[in-house]
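Undergrad: Have a look at this one before I ask anything.
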Amino acid sequence: MTSFLRRLASLVVLISAILLCLSRPEAQAQPPTQAQTRQQLLQDLDSGQLRDAVLLGQQAVSRWPRDAQFRHYLGVAYFKNGDLKQAQEQLTRAGELNPRDSAIHLDLALVLLSEPDYAGAADELEAAIKLNPPIALWHTLLGRAYLNSNRSLQAIGEFKTALKLDPAIKLGHYHLGFAYFSLGRNDEAISEYKEELRRSGESPAAVCALGHSLLASGKYDAAITYLQRGTELDSRNPDVWYDLGKAQALAGQSAKAEPSLRKAAELNPKDPSPHYQLARVLEKLGKTEETLRERERFAELKKAQPAAAGMATGRDQ
């Protein structure tokens with residue numbers, strides 16, 4: 009009997025232990041730790057699970073509101089998801105919580121460049137570079153922010169610094185050439201564009217920019233060579249077709265200019281400039297009725313065109 013009772017007692021202990029184990033899952037289902045949440049959020053961002061990243065980031069910021077890294081990652085998730093306003097808000101707060109993190113300043117600058125807020129982006133890039141100066145790409149981005157906020161001389165300095173840090177940086181000489189061109193320093197621009205082509209091969213941007221600078225310098229035959237190549241490399245670019253047509257017209261090739269300018273007008277129907285040039289070409293070709301139509305179309309589009317500001321103030325027609 010005693011043996012039976014001992015076995016019964018053991019069985020009761022075993023059943024109690026099993027019941028205790030079965031009752032534990034809910035108690036064991038603790039919220040993830042800060043480190044676990046951070047790791048999962050990074051995995052969601054890296055794998056492109058942006059909706060999950062946003063939701064997890066929102067939860068993390070709610071639980072740990074003074075964690076700069078969570079706000080940084082949530083800002084990046086918003087940015088990748090196309091929500092610039094929320095991205096800026098989170099990255100600004102992250103920067104306030106940890107002003108010594110250069111990556112936060114960089115990502116906020118990328119958001120501001122996308123808005124675009126070039127002056128604000130320049131401020132953030134300056135802060136990032138002050139904390140971590142020897143990164144060529146950051147100097148290039150700062151140069152672009154300066155250039156788009158009409159600070160061309162400062163832009164030239166940044167592009168030169170970028171090339172000094174990394175002589176092989178992609179489009180480094182192209183950006184420097186563009187800055188020179190914005191100041192009317194065409195010969196220096198042409199030299200930089202040619203150097204970009206020598207180093208990097210046929211970049212469509214560099215080929216088209218070189219053709220544009222040659223056109224502006226009155227070197228029409230050379231411009232036509234590069235602009236024709238530009239239309240092959242970037243056939244959907246209305247600006248290169250416009251430049252080609254204008255160069256052909258100025259070189260006395262009216263018959264060739266006509267289809268180039270028509271293509272420019274087709275690709276950008278709201279731009280009045282191709283119609284202006286096309287009217288001049290058609291007049292030389294003796295096509296009177298078409299000349300009048302193009303002049304009327306130019307006047308209509310010009311009237312409807314909003315006033316431009318900044319560097320891109322429109323063409324001289």
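This note's numbering puts the first residue of the sequence shown at 9, with every later residue one more than the last. We put the beta carbon where it would ideally sit given N, CA and C, even for glycine.
#1: Return the CA-CA distance between L116 and V62, expressed in angstroms with no decimal places.
#2: Beta-carbon within less than 7 Å of A287's beta-carbon, same chain only, minus the 5 sequence neighbours each way: which residues are those?
#3: Give the DSSP-derived three-state secondary structure of I143 in the structure shown.
#4: So what's W72 in DSSP terms, helix, strand or just coil?
#5: Can at least three beta-carbon pairs, one atom from the segment 190–197 and one from the segment 173–182, be found at a separation below 8 Å?
#6: Comparing C-alpha positions only, which one of Y284, L120, P141 and I137 sits nearest to N156?
#7: Check each candidate in A187, H220 and V69 and name the one with the smallest Cα separation from T239.
#8: Name the residue from L99, I143, Q162 and K93 whose alpha carbon lies nearest to the alpha carbon of A170.
#9: I'd like to know whether the C-beta atoms of A255 and L235 end up nearer to each other than 8 Å.
#10: In angstroms with no decimal places, state the Cα-to-Cα distance between A312 and W146.
#11: When you compare each of L258, Q57 and D109 to K292 by their alpha carbons, which one comes out closest?
#12: Note down, one range per segment and in chain order, each alpha helix (DSSP H) of at least 4 residues found wholly within the segment 186–249.
#13: Take L53 and list the residues in its own chain whose beta-carbon comes closer than 8 Å to its own, dropping the five residues that flank it on each side.
#14: Determine, using beta carbons only, whether L105 and R71 come nearer to each other than 8 Å.
#15: Exposed or buried, R244, counting other C-beta atoms within 10 Å across all chains shown (16 or more means buried)?
#16: The alpha helix (DSSP H) with K168 in it runs from where to where?
#17: Closest Cβ-Cβ distance between E304 and chain D: below 8 Å?
#18: Candidates G65, Q38 and S211: which alpha carbon is nearest Q51's?
#19: Taking the beta carbon of Q285 as the centre, do at least 16 other beta carbons fall within 10 Å, making it buried, or is it exposed?
#20: Does the distance from the CB of Q94 to the CB of R46 come in under 8 Å?
#21: Are the CB atoms of Y201 and L218 within a distance shorter than 8 Å?
#22: Hey, how far is the Cα of G260 from the Cα of I232?
#23: To the nearest angstrom, how far is the alpha carbon of H283 from that of A273?
#24: Using the beta-carbon count (16 or more within 10 Å), is P280 buried or exposed?
#25: Does DSSP put T100 in a helix, a strand or coil?
#26: Would you mind working out which of S110, V248, F186 and L309 sits nearest P277, comparing C-alpha positions?
#27: Can you tell me the Cβ-Cβ gap for V215 and L205, rounded? I've got them flagged as a contact below 8 Å.
TA: Checking against the coordinates, here is how it stands:
#1: If you draw a straight line from the Cα of L116 to the Cα of V62, it comes to about 17 Å.
#2: Excluding positions up to five away in sequence, the list reads T299, E302, R303 and F306.
#3: Note: I143 maps to coil in three-state DSSP.
#4: Looking at W72 - three-state DSSP - the assignment turns out to be coil, as it is neither helix nor strand.
#5: Note that the segment 190–197 does not touch the segment 173–182; fewer than 3 beta-carbon pairs, one per stretch, sit closer than 8 Å.
#6: Out of Y284, L120, P141 and I137, L120 has the C-alpha closest to the C-alpha of N156.
#7: It is H220.
#8: Just measuring C-alpha positions, the residue of L99, I143, Q162 and K93 sitting nearest A170 is I143.
#9: Yes, they are a contact pair.
#10: Distance from the CA atom of A312 to the CA atom of W146, rounded to whole angstroms, is 39 Å.
#11: It is L258 whose Cα lies nearest to the Cα of K292.
#12: For the segment 186–249, the full-length alpha helix (DSSP H) segments reaching 4 residues or more read 194–208, 212–224 and 228–241 along the chain.
#13: So the list reads A61, Y81, V84, A85 and K88, once near-sequence residues are dropped.
#14: A distance of 8 Å or more separates the beta carbons of L105 and R71.
#15: So R244 counts as exposed.
#16: Where K168 is concerned, the enclosing alpha helix (DSSP H) stretches over S160 to L173.
#17: Note that chain D does not occur in the displayed structure, where there is just one protein chain.
#18: Considering only alpha carbons, the answer is G65.
#19: Buried, by the Cβ-count rule.
#20: Q94 places its beta carbon 8 Å or farther from that of R46.
#21: The Cβ atoms of L218 and Y201 sit closer than 8 Å to each other.
#22: Approximately 12 Å between the Cα atoms of the pair.
#23: Their backbone Cα atoms lie some 7 Å apart in a straight line.
#24: Burial call: buried.
#25: Reduced to three states, the DSSP call for T100 is helix.
#26: The residue with the shortest Cα to Cα distance from P277 is L309.
#27: The pair is a contact, with the Cβ atoms about 7 Å apart (cut-off 8 Å).
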